[in-house]
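A.B. asks: Structure incoming, see below.
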Amino acid sequence: MPDLPFSRTTVMITIMTPLEVTLDFLEFPPTYTCDGGNHSPRITLASLDPGTASIAVMLFNPFIKTCCSFTPWIIWNLPPEPVIPDGIPREGTVTAPVDAVQGMTDYGIIGYTGPCPPQGETHRYQFKVYGLDAMLALPAGSDKHALVAAMKGHVLQFGETVALCTR
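According to the working numbering, the stretch in the sequence shown is residues -11 to 155, in order.
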């Protein structure tokens, strides 16, 4: 066999174990919407990788006509536990009911704002959850672009779930 002008390389492929993400509902109850208390919902996680150091959550509404993915909630540095509790307050640095950091949403505020589609419309909301191998050195109030950049190279797992909101 003749010598080839390139060298052999070994490529290692890591298979990511999916993160199982569930909500207690398929359609948002009023408590978690703009018509109720705007309380963040409880999120249940299963199949957490043992190497997970923190969790990040991004909530998207891809149905807003003025943009491609409206983001009403981003939160990170959550502990890698099977339940993210509901009712997380609108604060940049949260210590109860769980430790976490929250960012600036597309509403221009920090913390969760519940679904609020126009009257007569149904929108689908996507909860994207990331298991990370580190706590992120990202200050409270950072936006979704900064969160995505900070997560680069740290994602061990990913999972998502959806829920509908009709008004």
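C-beta: ideal position from N, C-alpha, C; glycine also.
With respect to the alpha helix (DSSP H) encompassing MET46, which residues constitute its N-terminal and C-terminal limits?
C.D. replies: Taken as a continuous stretch (DSSP letters only), MET46 belongs to no alpha helix (DSSP H), being part of the beta strand (DSSP E) at 42 to 49.
A.B. asks: So, is PHE115 buried or exposed, given that buried needs 16 or more other C-beta atoms within 10 angstroms?
C.D. replies: Under this definition PHE115 is a buried residue.
A.B. asks: Determine the extent of the beta strand (DSSP E) in which VAL89 is found, giving its start and end residues.
C.D. replies: Start and end: 88 to 90.
A.B. asks: Taking the alpha-carbon positions, what's the SER28 to SER35 distance?
C.D. replies: Taking the straight line from one Cα to the other gives about 22 Å.
A.B. asks: How long is the line joining the alpha carbons of LEU126 and LEU135, rounded to whole angstroms?
C.D. replies: In a straight line, the C-alpha of LEU126 is about 7 Å away from that of LEU135.
A.B. asks: Within 10 Å of its beta-carbon, does GLN107 have 16 or more other beta-carbons around it, so buried, or fewer, so exposed?
C.D. replies: With fewer than 16 Cβ atoms within 10 Å of its Cβ, GLN107 is classed as exposed.
A.B. asks: ILE97: buried (16+ other C-beta within 10 angstroms of its C-beta) or exposed?
C.D. replies: Burial call: exposed.
A.B. asks: On the three-pair Cβ rule with 8 Å, is the segment 137 to 148 touching the segment 76 to 93?
C.D. replies: Not touching, per the Cβ criterion.
A.B. asks: ASN26 and TYR95 - do their beta-carbons sit closer together than 8 Å?
C.D. replies: Against a cut-off of 8 Å, the Cβ pair of ASN26 and TYR95 comes out as no contact.
A.B. asks: Rounding to the nearest angstrom, what Cα-Cα distance links PRO103 and PRO38 in this structure?
C.D. replies: If I take the Cα positions, the gap works out to 33 Å.
A.B. asks: Going straight from the alpha carbon of VAL71 to that of LEU33, what length do you get?
C.D. replies: Distance between the alpha carbons of VAL71 and LEU33 is about 6 Å.
A.B. asks: Drop a sphere of 10 angstroms on the beta-carbon of MET4, count the other beta-carbons inside from all chains shown, and report buried for 16 or more, exposed for fewer.
C.D. replies: Exposed.
A.B. asks: Taking the beta carbon of PHE13 as the centre, do at least 16 other beta carbons fall within 10 Å, making it buried, or is it exposed?
C.D. replies: Flag for PHE13 reads exposed.
A.B. asks: Please state the DSSP three-state secondary structure of ALA138.
C.D. replies: Helix at ALA138.
A.B. asks: Along the chain, where does the beta strand (DSSP E) that runs through THR83 open and close?
C.D. replies: No beta strand (DSSP E) contains THR83, which DSSP labels as neither H nor E.
A.B. asks: Just checking: is the beta-carbon of ASP121 within a distance shorter than 8 Å of some beta-carbon in chain C?
C.D. replies: Among the chains of the structure shown, chain C does not appear; only one protein chain is present.
A.B. asks: Can you check DSSP and say which residues form a bridge with MET34?
C.D. replies: The residue asked about is misnamed: residue 34 is Ala in this sequence, not Met. DSSP lists GLU8 as partners of ALA34.
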